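Peer 1: Numbering (our numbering), first residue to last: 87 to 211.
(1) Can you give me the Cβ contacts of residue 151 inside the same chain, cut-off strictly under 8 Å, excluding the 5 residues immediately before and after it?
(2) Judging by CA-CA distance, which residue of 110, 122, 158, 147 is the nearest neighbour of residue 95?
(3) Three-state secondary structure (DSSP) at residue 134?
(4) Less than 8 Å between the CB atoms is what I'm expecting for residue 114 and residue 90, so what's the real figure, rounded?
(5) Using only CA atoms, which one of 159, 130, 142 lies nearest to residue 149?
(6) What does a CB cutoff of less than 6 Å around residue 163 pick up in its chain, not counting 5 residues either side in sequence?
(7) Under the criterion of a Cβ to heavy atom distance below 7 Å, does residue 125 qualify as lining the ligand COA?
(8) When burial is assigned at 16 or more other CB atoms within 10 Å of the CB, is residue 167 buried or exposed?
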């Protein structure tokens, strides 16, 4: 919905695992143009997530990894899993990484997770 709403209202929008709207743009009222999608929308697309595979991708998107089981592609649609991937790929700028990234999604345990030098074990056990 973020991509459709952003393109229709001409407001910059970011979708996380959003369905795309390049082909289906003709079905919306008000109608969406490819130029509106290119100018106002950005989609974060996890590997193997089935939802962003609906319709064609517009110009502005970023693929990210998904470490879920190969037999569970729907797990790639969870926002918390995508947040973990972004934090582990791009960094957290000294902010703590959510405990669930390690405990639920099997990301590696960080050595130090905050500016005070606290370890993951101290904060998330």
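Every residue, glycine too, gets a C-beta built ideally from N, C-alpha and C.
Predicted, not measured: the structure shown is a model, and the values here were computed from it.
Peer 2: From the atom records:
(1) Working through the chain shown from its first residue, we reach residue 151 at position 65. Closer than 8 Å at the Cβ level, and outside the excluded window around residue 151, lie 132, 133, 171, 175.
(2) What you label residue 95 is simply residue 9 of the chain shown in a count that begins at 1. Of 110, 122, 158, 147, the residue nearest in Cα terms is 122.
(3) In the chain shown, the residue the question calls residue 134 occupies position 48. Correct three-state label for residue 134: coil.
(4) On the chain shown, position 28 is the one that residue 114 refers to. On the chain shown, position 4 is the one that residue 90 refers to. Rounded to the nearest angstrom, the Cβ distance from residue 114 to residue 90 is 6 Å, consistent with a contact under 8 Å.
(5) Taking the first residue of the chain shown as position 1, residue 149 is located at position 63. Here the closest residue by C-alpha is 130.
(6) Position 77 of the chain shown, counted from the first residue, corresponds to residue 163. Answer for residue 163: 103, 135, 137, listed in chain order.
(7) In the structure shown, the ligand COA is absent, as is every other ligand, since no ligand is present at all.
(8) What you label residue 167 is simply residue 81 of the chain shown in a count that begins at 1. Residue 167 is buried by the Cβ-count criterion.
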